[in-house]
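These protein sequences, in sequence, are chains G and S.
First residue of the first sequence? That's 1 in the numbering used here, and the numbers climb one at a time after it.
First residue of the second sequence? That's 518 in the numbering used here, and the numbers climb one at a time after it.
Virtual Cβ for every residue (Gly too), placed ideally from N, Cα, C.
Protein chains: 2
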Amino acid sequence: MKLTAHAFKVSISEPTAAITRDDSLVMGVGPNDHIRISLNGSVVSSVIITDELVKKGEIYLPTLIMEKCGAYEGDVVDVEYCPLPESIRSIRKKIHGGKLNKEEIGSVINDIMDGVLSEREILAFVSAFNVHNADLTEIAYLTRAMAATGKTVDLGVRPVFDFHSLGGVPGNKVTPIVVSIVASQGLPIPKLSSRAISSACGTSDFVDTFCDVEMDSESLKNAVRTAGGVFACGNEDYAPVGNIIIKAERPMGIDPRPVMIASIMSKKIALGTTHLLMDLPMGEGAKIPDMEAAEDFAGDMISLGTILGVHVECAVSDAGKPIGRAIGPILEARECIEVLEGRGDPSVAAKACAMAGIILEMAGENDGESKAREILSSGKALKKFREIVKAQNGDPAIEPSDLIPGEFVKEVHARFDGYVQYLDNRSIVAVAKAAGAPSDTGAGIMLDHKAGDLVKKGDVLFRIFAENQSKLDRAIESARSRRPMKVDPEPVSIPERGPITARFPSKEMLDLIRFRS
Amino acid sequence: MKLTAHAFKVSISEPTAAITRDDSLVMGVGPNDHIRISLNGSVVSSVIITDELVKKGEIYLPTLIMEKCGAYEGDVVDVEYCPLPESIRSIRKKIHGGKLNKEEIGSVINDIMDGVLSEREILAFVSAFNVHNADLTEIAYLTRAMAATGKTVDLGVRPVFDFHSLGGVPGNKVTPIVVSIVASQGLPIPKLSSRAISSACGTSDFVDTFCDVEMDSESLKNAVRTAGGVFACGNEDYAPVGNIIIKAERPMGIDPRPVMIASIMSKKIALGTTHLLMDLPMGEGAKIPDMEAAEDFAGDMISLGTILGVHVECAVSDAGKPIGRAIGPILEARECIEVLEGRGDPSVAAKACAMAGIILEMAGENDGESKAREILSSGKALKKFREIVKAQNGDPAIEPSDLIPGEFVKEVHARFDGYVQYLDNRSIVAVAKAAGAPSDTGAGIMLDHKAGDLVKKGDVLFRIFAENQSKLDRAIESARSRRPMKVDPEPVSIPERGPITARFPSKEMLDLIRFRS
């Protein structure tokens, strides 16, 4: 029926239209039904029926849908009941325990992409598509369908390397270092990172402080051609449906493995990745809580790679303690460049070289880690870093001292002699966010001491940086209640171990694979 | 914060409050958050933020929530952000493939019952709790938790028998006959049926035409004491959480097995059932499409019964053709009593005696079906039926001729000589509903012929009954487009088979079980 469109200025969990009871009865539409709005066939998946705001003959539509339809305030649009989309049958089949084929999975992903499925329907799909109810073939179909929702780039080179961290470790600034080491050997590595979702600083947040991170596919290709690698920001160009799914998952805080690995891999497929190293930070509260979970995850990821023609290796790292000493965009950028210059906290170089080393081994190196160390200490990595910064429109001569954190600083001191206990990662992140990170790029935390250190009363334990006094106060308040760093008279035993605690496949297994191929 | 409550006269998929943007920022509440409304702590699980309808300092609340809170139009209520309930953690764990314990499942069910979880959250739980991701222990916990949301009745007798059909077969009027046969042998059978959800007539819909079906637990106990059984209507007294879950499932048309069997069994547990016979109508489009599904369902149901101390047997029946010839409340009531009087379509008596026979065997009879036939033909079942009708405040002398269907009748004739093809159950139901069934009790269909019959041009194939001309016209229109009965010159081969095509456990297995016990 013809209805006059008005903009519905509301925030509600999903695209929702409001119509009167009378009009709903004529169309035969109820609150859980989908309706189709012509000018161009946009579908709205949720309906409010009310006579309070809306008059007969009117429809209130979210601004986004108005734009999608090309409708303006007061335009007459054609509205009709839209039968449950075919993809709902596929979701239902999955909820009932059935196996989905390529077309069924494709229809679900396309309808998510087109906004035909509501968030509740996406959530039901993701919930049903869980580890016990989705097999690798289905996950592979899902991956390809997700990749097909965006651009695919042919970089014109083979092999293509990539590095992906599951995240969750504060201060994990190793990506530009890994990329620089790998690219310095002539191995293409077009690494796309993300901004922080719940953390205090994502890789793109700190890289953004010294060069561009938003790159279209053309500039990405050029940068890989000239510099051999990038550390840019993943955007809506590649497998964009993943972001819609994440939005539906977020309110319940879920991220089940089959959809997670399909989502990760779909972006790699879009970029033509042939060799992928996954960093799996393991620890309490992380996505990978223990070695069993790591083994399960690695097993699925490696098998999915095999199906899709991507050689995948996984390295288990320690999610328990921050990498380096800096948390927050400018502070992390500074520490990252210091490490490239041969200074900075040794934990950053150690993790970067261990990870880069594995990638070098994928490319045929025997002792990748030693090679990576050599590349870093020789200055070759720094040189490559500056080339990539230039390719991303940054100043190739950037120095740590050019990066100035917020000028409002609070030093937190030890109140008695003792040993620094294990740091509470969540609290460190919470304090850094209270100080304004990541949107205030100068905000964050510097850890002057780390777990196990012996400190004297009055020593500076850590410093909070902020861009203004009120956020500094907010962060101090947060630090007071959360106590992210505690000192205790008892010494803490810190196990001596490398940055990587396990690899999948094992080195022995890899030797076999290499022998075979 | 204190807000003035107004009634929000909208139909929307779940309890939703509307507040202004300003107030939402002060409370820190977004569209997917839960809020808690005091006077009595009701939780609203969905929020709309808009400045169009609502003024600062106001909150619009669904009428139901107003009632729950005891708030009236213009009352000031206290509204606060409500952190994600603990049960969300359990749902998240299930989505991530974990196993839930008794307390975790209990918290989910209690929060569903209390309205704390939104429909999207319930849907996510049900979708994750699927056949591949829920084991019998979890289903047993779910069953007990569901049963605990309502009353439990101790009828003061043991054993307690029950009969439950998965439904989906038009004209399935056997329940009062089964109950009468079983109760006539002194075996207590407090059978609670339901009204139609998507069908043209549920058992309670036709029983309601000759006696009361709504019984509180006190009158239920009395009726079982005096008459030995009832054929009443299941209501909100027993495991009421099941209805909330069904409401969340309905828009997507899902009914996954683990939640379905827990829901069925929870009502049995509430009534103290010790012996349960499940009727599983099998056929295309039914909940049980094939023998593999029947075996899976029966296996789970029997094992769940074992854990919960209920002896379960399952009988697979034919979902392909209507039982008897009448569809619609009064028409079905009439046919049901005719069969009890030894007349009527033989398919009704056949199914009723086969089902009742299995229950008699549970109680020790050797050849239950023959015994059931004998009870029916001797008039003992009819006598018991009249006792139960009396206990349910009906006229014990009720005769089929007292039940008068709608006076607006359309006879549909064969247009040429030939054989009646397989009937289309869905279309028969659609036509009966178009005629007004089940709410117009006199509406429905009488099948003068069934599949396989040889008919001559002009013979009456079926008759549509309605209570007024406009609904009759609507039904005729529906019959014209759907053609629920087709005649073809080719004969149809109707396989000769009894009303029950398989039993679980098999009779041999049962003999072993009985020998053991």
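Going by C-alpha positions, D772(S) is about 27 Å away from S1023(S). When D813(S), R609(S), E620(S) are compared, the shortest CA-CA separation from R637(S) is found for R609(S). Counted as a single uninterrupted DSSP element, the stretch harbouring L447(G) is not any alpha helix (DSSP H) but the beta strand (DSSP E) occupying residues 444-447. At a cut-off of 9 Å, the C-beta of I95(G) has a neighbouring C-beta in chain S.
If you check the CB distance, V43(G) and G97(G) do not come in under 9 Å.
With respect to A227(G), G150(G) sits apart: the two C-beta atoms are not nearer than 9 Å. Contacts between L570(S) and chain G, judged by CB atoms closer than 7 Å, involve E52, L53 in chain order.
Rounded to whole angstroms, the separation of the alpha carbons of I605(S) and F129(G) is 18 Å. Selection S470(G), M485(G), I12(G), G106(G) evaluated against A248(G) yields I12(G) as nearest (Cα-Cα). Per DSSP, reduced to three states, the secondary structure at E994(S) is helical. Scanning the segment 178-236 of chain G from its first residue to its last, the whole alpha helix (DSSP H) runs of 4-plus residues come out as 203-207, 217-227. Within the segment 80-105 of chain G, contact with chain S at the beta-carbon level (separation under 9 Å) is assigned to L84, I88, R89, I91, R92, K94, I95, H96, G97. In terms of Cβ geometry, C314(G) and A298(G) form a close pair [threshold 9 Å]. Interface flag for A435(G) against chain S is unset, since no Cβ pair is found closer than 9 Å.
Relative to the Cα of G74(G), the nearest Cα in the group Y60(G), S481(G), L461(G) belongs to Y60(G). The DSSP assignment places 21-27, 63-69 as complete runs of the alpha helix (DSSP H) inside the segment 12-81 of chain G, in order along the chain (cut-off: 4 residues). Residue pairing for R503(G): DSSP places it in a beta bridge opposite A315(G).
Of the residues M808(S), A524(S), V677(S), the one whose Cα lies closest to the Cα of G800(S) is M808(S). For the 9 Å CB-CB criterion, A294(G) and A502(G) form a contact. F902(S) sits buried, since 16 or more C-beta atoms from the chains shown fall within 10 Å of its C-beta. Leaving aside the five residues that flank E365(G) on each side, the residues in its chain whose CB is nearer than 6 Å to its CB run, in chain order, K371.
In terms of CA proximity to P798(S), K838(S) leads the group I778(S), K838(S), M818(S). Approximately 10 Å separates the beta-carbon atoms of G444(G) and F462(G); this is outside 8 Å, ruling out the contact. The C-alpha of T660(S) lies about 6 Å from the C-alpha of S780(S). Taking a Cβ-Cβ cut-off of 7 Å, the neighbours of H132(G) in chain S comprise G614, H649, N650, given in sequence order. The three-state reading of DSSP puts T823(S) in helix, counting H, G and I together. Here D511(G) carries a helix assignment [DSSP, helix/strand/coil]. Contact note: L634(S) does not reach chain G at a C-beta cutoff of 9 Å; the least C-beta distance is about 10 Å.
When only Cα atoms are considered, V26(G) and S987(S) end up about 18 Å apart. Assignment of E882(S) by DSSP, reduced to helix, strand and coil, places it in the coil class. At a Cβ-Cβ threshold of 9 Å, D835(S) and H681(S) do not count as neighbours.
Spanning the alpha carbons of I246(G) and I122(G) requires a straight line of approximately 10 Å. Take the alpha-carbon of E138(G) and the one of P1008(S): they are about 44 Å apart.
Counting only runs of 3+ residues, the beta strand (DSSP E) found wholly inside the segment 398-443 of chain G occupies 408-413, 418-420, in chain order. At least one C-beta of chain G is nearer than 9 Å to the C-beta of G547(S).
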